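Just remember that our numbering sits 12 ahead of the position in the sequence shown, which is counted from 1. Below is one structure, written out as structure tokens; the observations come after it.
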Amino acid sequence: MSRVVEHKDTIYLCGQTCGEPDTDIKEQTQVVLQKISDLLEQYGSSPKHMLSVTIYLRDMAHFKAMNEVWDAWVVAGFEPARACVEARMARDTLLVEMTVTAAKI
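Okay, structure coming up:
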């Protein structure tokens with residue numbers, strides 16, 4: 013599995029998760045979004061250049077809390093296309109995972 017794939021002027025990030033098992037959905041979302049910011053910057057992009065994001069939640073009951081953190085992070089006017097689904101996670105402690113497609117700057 014590739015952590016990041018670059019194709020022409022597009023960056024694809026694999027599913028980003030939080031490695032901290034004893035954290036709530038807001039904390040896990042903050043960690044995931046910071047990882048996304050860092051990777052996008054490292055590969056020549058930014059959150060302003062995200063094209064699409066898929067969010068996987070362990071339980072849709074976490075949607076409102078996750079979305080509060082997301083709304084505070086995403087740049088107004090640069091919101092990507094987004095889908096959010098409930099999914100089983102690879103580990104029981106994972107509450108959120110996000111995959112991202114972004115354009116290079």
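By construction, the Cβ of each residue, glycine as well, lies at the ideal position given by its N, Cα and C atoms. A quick note: this is a predicted structure, and the numbers were derived from the prediction, not measured.
If we ignore side chains and look at the alpha-carbon of each, how far apart do residue i and residue j end up?
| i | j | result |
| --- | --- | --- |
| tryptophan 82 | threonine 41 | 8 Å |
| threonine 111 | arginine 94 | 10 Å |
| glycine 89 | serine 64 | 14 Å |
| alanine 73 | glutamine 54 | 33 Å |
| leucine 96 | serine 14 | Checking the sequence shown, residue 96 turns out to be cysteine, not leucine. Cα to Cα, the separation comes out at about 22 Å. |
| histidine 19 | proline 33 | 33 Å |
Along the beta strand (DSSP E) that carries residue i, what are the first and last residues, could you check?
| i | result |
| --- | --- |
| glutamate 109 | 108-115 |
| valine 16 | 16-19 |
| cysteine 26 | 22-28 |
For the alpha helix (DSSP H) containing residue i, name the first residue and the last one.
| i | result |
| --- | --- |
| valine 44 | 37-54 |
Give the C-beta separation of residue i and residue j to the nearest angstrom, bearing in mind that I take them to be a contact with Cβ-Cβ under 8 Å.
| i | j | result |
| --- | --- | --- |
| valine 86 | proline 59 | 7 Å |
Would you list the residues sitting across from residue i in a DSSP beta bridge?
| i | result |
| --- | --- |
| valine 81 | Paired residues: none, contrary to the question. |
| glutamate 98 | Leu69 |
| serine 57 | Note: serine 57 sits in no beta bridge, so no partner. |
By a C-beta neighbour count over all protein chains shown, 10 Å radius and 16 as the cutoff for buried, is residue i buried or exposed?
| i | result |
| --- | --- |
| glycine 27 | buried |
Following a CB-centred definition, is residue i positioned closer than 7 Å to any heavy atom of the ligand MN?
| i | result |
| --- | --- |
| alanine 73 | The model on display carries no ligand, and the ligand MN is accordingly not part of it. |
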